[in-house]
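Q: First the structure, then my questions, so here it is.
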Amino acid sequence: MSPRNRTGSTSAGTVVAVIADIMAVILGLWILMYLLDANRANDLVRFVHDAASWLAGWSRDLFTFDAEWARVVAGYGLAAVVYLFIGHAIADRLHRR
Numbered sequence: 480m481s482p483r484n485r486t487g488s489t490s491a492g493t494v495v496a497v498i499a500d501i502m503a504v505i506l507g508l509w510i511l512m513y514l515l516d517a518n519r520a521n522d523l524v525r526f527v528h529d530a531a532s533w534l535a536g537w538s539r540d541l542f543t544f545d546a547e548w549a550r551v552v553a554g555y556g557l558a559a560v561v562y563l564f565i566g567h568a569i570a571d572r573l574h575r576r
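For the sequence shown, my numbering puts the final residue at 576, and the numbers step up evenly by one.
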């Protein structure tokens with residue numbers, strides 16, 4: 480394999496890992512904002528909530544705990560963990576090429 484291709488694979492792996500990390504940070508930030516009862520009228524809080532809701536659309540209502548905070552932590556937290564796991568697994572595969 481030529482060095483040029485190896486560099487491209489390494490760069491692609493890094494990009495995938497960074498995107499997965501950013502997605503997990505957004506989800507974690509929303510969990511933190513929710514638990515700290517952040518002002519939902521604030522533009523930053525609204526942006527983070529909207530982005531996290533979109534990212535966790537598949538897991539947001541997966542759990543039916545009685546406490547709303549537990550549903551938020553479990554649903555959004557699961558999405559963050561899955562994105563980190565899958566994103567870094569793909570990045571690792573790209574780095575090995």
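By construction, the Cβ of each residue, glycine as well, lies at the ideal position given by its N, Cα and C atoms.
Quick one: using the 10 Å Cβ neighbour count with 16 as the cut-off for buried, is TYR562 buried or exposed?
A: In the sequence shown, counting from the first residue as 1, residue 562 sits at position 83. Buried is the call here.
Q: Taking Cβ positions, are ASP578 and GLY554 nearer each other than 8 Å?
A: Here the chain comprises residues numbered 480 to 576, so residue 578 is not present and cannot be evaluated.
Q: Measuring CB to CB, does LEU508 end up less than 8 Å from VAL495?
A: Reading the sequence shown from its first residue, position 29 is the one you call residue 508. Reading the sequence shown from its first residue, position 16 is the one you call residue 495. Their beta carbons are not under 8 Å apart, which means LEU508 does not touch VAL495 by this criterion.
Q: DSSP state of LEU515, grouped into three classes?
A: Position 36 of the sequence shown, counted from the first residue, corresponds to residue 515. It is coil, neither helix nor strand.
Q: In this structure, how does DSSP classify ASP540 when only helix, strand and coil are distinguished?
A: Start at 1 with the first residue of the sequence shown, and residue 540 comes out as number 61. Coil at ASP540, not helix or strand.
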